[in-house]
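Using this note's numbering, you'd call the opening residue of the sequence shown number 802 and step up by one each time.
Here is the structure we will look at, set down as structure tokens.
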Amino acid sequence: MTHDPACEKEEMPSKSPPAGVEIRQIEKSPELGDMQKIRPMDAVVALYSDGERELTEAIIASLSRAIFSGVDGAPARLAQRAMARVSYRALQWTTSRRERETGTYHNPILERTGHAYARALLDSSSRATECLVEGGDPMNGPYMMIVPEILAVSTTWDRIFLNSVQGRDVQLRFIWETQATYETAKSRLAKGDAVRLKAVAAGTGLSMIVAYDRLVRDGFDPARITARITDRDQASADKANRILAKLASTRECSRDAKSEGGISAGTEDLFEGDLERDATGRGDYDVVTAVGILEYLQGFTCDTTERCLHLPPSEEAVTAQQLVARLVKMTAASGALIVNTCRPHASTRILELFGKRFDYRNRENLAALMATGSFRPARLVGSGNIYDLEVYEKIPATA
802 MTHDPACEKE EMPSKSPPAG VEIRQIEKSP ELGDMQKIRP MDAVVALYSD GERELTEAII
862 ASLSRAIFSG VDGAPARLAQ RAMARVSYRA LQWTTSRRER ETGTYHNPIL ERTGHAYARA
922 LLDSSSRATE CLVEGGDPMN GPYMMIVPEI LAVSTTWDRI FLNSVQGRDV QLRFIWETQA
982 TYETAKSRLA KGDAVRLKAV AAGTGLSMIV AYDRLVRDGF DPARITARIT DRDQASADKA
1042 NRILAKLAST RECSRDAKSE GGISAGTEDL FEGDLERDAT GRGDYDVVTA VGILEYLQGF
1102 TCDTTERCLH LPPSEEAVTA QQLVARLVKM TAASGALIVN TCRPHASTRI LELFGKRFDY
1162 RNRENLAALM ATGSFRPARL VGSGNIYDLE VYEKIPATA
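Pasting the structure below:
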């Protein structure tokens, strides 16, 4: 594999790096504490806008520090879980549907808050996507609460919406996904191997971006790291590319889908066409993340929204087992697959009041589903009230 001079930085003093690690200087990111304090939704807007380069660097740097340096990893506790049940009943009594093409809901409590997350719950972009928790800006808000400086200046409504039981579990799932991606990639790079990473149905791919940024800042050669972020929504890919264009670790190392090395983002329909291949002719990856997608696909479930609400079952074009079959083709021999469970909880019931639909799985359901695609459990990364995050490994064909 060739070295890419476009990604090279001035060398730092060596401190006995691991085998295969090339130490290189990455320009220092500004400290968020030295800049104007911002609230979580303002931080999301800054990340995905064309400008705000210094602020974006500061947010990603602080997010990375929190993830890799001991952020509080505890799920919501008893009092918060009890409040979720009370909130569910209150919203159940006060929520009604407005019959419009956009699938708008009415709730006087949420409307009075004026919060962006509340507006996202009440107004889906279309009936076709109403059942999904769309990857829009408000739904990325919980990730910003991981940053201590942003959490410190968040308002009561920020905490209610973004640091709730469900919001807290979303944060933990994001932390675990980022840590697992980083650690699995690092173990290969430290042995002197190249590594190929892919995040599927990833929205804006923020977890992959943070993991890649950390690997480069740790001194690993970007020419030995190929990272690909895909989502079927063009707007999500555009947002990912805006971030990549602003970070010191990525703006000179971003690539298109056909290139070897570096990081790129683009659109992809997981269930149509052949796998994309890059300059090496490969279409498989050593580490694949498929987080936040299985809960929308039928099959191998412990419960579903339709069963819970006594609704007629819906017929979906694709199933969870079909996704696993695609992931098998996408994952290299002995590669790692990072996925999550989704268990029923009062907090997800709140989302169901606004048209969201879920296929719930516990760890046993997930293991049975993954076994259909020759994946076996490797390790449990973390467990919350709603989500578990697990790493599976692909069983070699000769096993």
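Note that CB positions come from ideal geometry on N, CA and C, so glycine has one too.
Check, Outcome
"Near Ala919, what residues of its chain come up, given a Cβ to Cβ distance below 6 Å and the 5 sequence neighbours on each side ignored?", "Leu911"
"Counting only the same chain and skipping the five closest in sequence on each side, list residues whose C-beta sits under 6 Å from that of Asp835.", "Residue placement at Asp835 is flagged as unreliable, the pLDDT there being 48, under the threshold of 50; a coordinate-derived value is accordingly withheld."
"The alpha helix (DSSP H) that contains Asn1205, what's its start and end?", "Since the displayed the chain opens at 802 and closes at 1200, residue 1205 lies outside it and no answer follows."
"Let me know if Ala1024 comes out buried or exposed under the rule of 16 or more other beta-carbons within 10 Å of its beta-carbon.", "buried"
"If you run the structure through DSSP and keep just helix, strand and coil, what is Asp994?", "coil"
"For chain D, find out if any of its Cβ atoms is closer than 8 Å to the Cβ of Lys1130; answer yes or no.", "As a matter of chain content, chain D is missing from the structure shown, which is built from one protein chain."
"Buried or exposed, going by whether 16 or more other CB atoms sit within 10 Å of the CB of Leu963?", "buried"
"Is Pro949 helix, strand or coil when you go by DSSP?", "helix"
"For the beta strand (DSSP E) containing Ile839, list its first residue and its last residue.", "Element bounds for Ile839: n/a, residue is neither H nor E."
"Just to confirm, is the Cβ distance from Ala1121 to Leu1095 under 8 Å?", "yes"
"Taking only three categories from DSSP, how would you classify Lys1195?", "strand"
"Is Gln980 near Tyr944, with beta carbons less than 8 Å apart?", "no"
"Helix, strand or coil for Gly1156? Go by DSSP, reduced to three states.", "coil"
"Can you give me the start and stop residues for the alpha helix (DSSP H) that Ala921 sits inside?", "Ala917 to Leu923"
"For Thr1090, does the three-state DSSP call read helix, strand or coil?", "strand"
"Spell out a yes or no on whether the region 1100-1117 and the region 1045-1056 are touching, meaning 3 or more CB-CB pairs, one atom from each, closer than 8 Å.", "no"
"Measure the alpha-carbon distance for Thr1027 versus Lys999 and round it to whole angstroms.", "8 Å"
"Can the beta-carbon of Ala1147 be found less than 8 Å from the beta-carbon of Ala1091?", "no"
"Is it the case that the region 1060-1074 contacts the region 1132-1139, given that we only count it when at least three CB pairs across the two stretches are under 8 Å?", "no"
"Check Leu1110 in the structure and name its three-state DSSP category.", "coil"
"Using three-state DSSP, classify Asn941 as helix, strand or coil.", "helix"
"State the DSSP-derived secondary structure class of Arg1144, mapped to helix, strand or coil.", "coil"
"On the criterion of 16 or more Cβ atoms from any shown chain inside 10 Å, does His1111 qualify as buried, or is it exposed?", "exposed"
"Would you check if the distance between the CB atom of Asp959 and the CB atom of Arg840 is smaller than 8 Å?", "yes"
"Between Tyr1188, Gln881 and Arg899, which lies nearest to Phe975 when the distance is taken from Cα to Cα?", "Tyr1188"
"Would you give the residue range spanned by the alpha helix (DSSP H) that Arg890 belongs to?", "Leu879 to Thr895"
"Check each candidate in Cys1109, Gly1093, Tyr1097 and Arg890 and name the one with the smallest Cα separation from Glu1116.", "Tyr1097"
"With a cut-off of 8 Å on the beta carbons, I'd call Val1192 and Ile1151 a contact; round off their distance for me.", "Val1192 to Ile1151, Cβ: 29 Å. No contact."
"Note down the Cα distance separating Tyr1013 from Gln1123, rounded to an integer number of angstroms.", "29 Å"
"Could you compute how far the alpha carbon of Arg1029 sits from the alpha carbon of Ser897?", "41 Å"
"Do the CB positions of Leu952 and Ala986 come within less than 8 Å of each other?", "no"
"Based on the DSSP output, what are the partners of Leu1138 in its beta bridges?", "Val1089 and Tyr1193"
"Please state the DSSP three-state secondary structure of Ala1049.", "coil"
"Leaving out five residues on either side along the sequence, give the residues of the same chain with a beta carbon under 7 Å from the beta carbon of Asn1186.", "Pro876, Ala877, Arg882, Val966, Asp970 and His1146"
"Identify whether Arg1083 lies in helix, strand or coil by the three-state DSSP scheme.", "coil"
"Looking only at its chain, what residues have a beta carbon closer than 6 Å to the beta carbon of Leu1181, apart from the 5 residues adjacent to it on each side?", "Glu1191"
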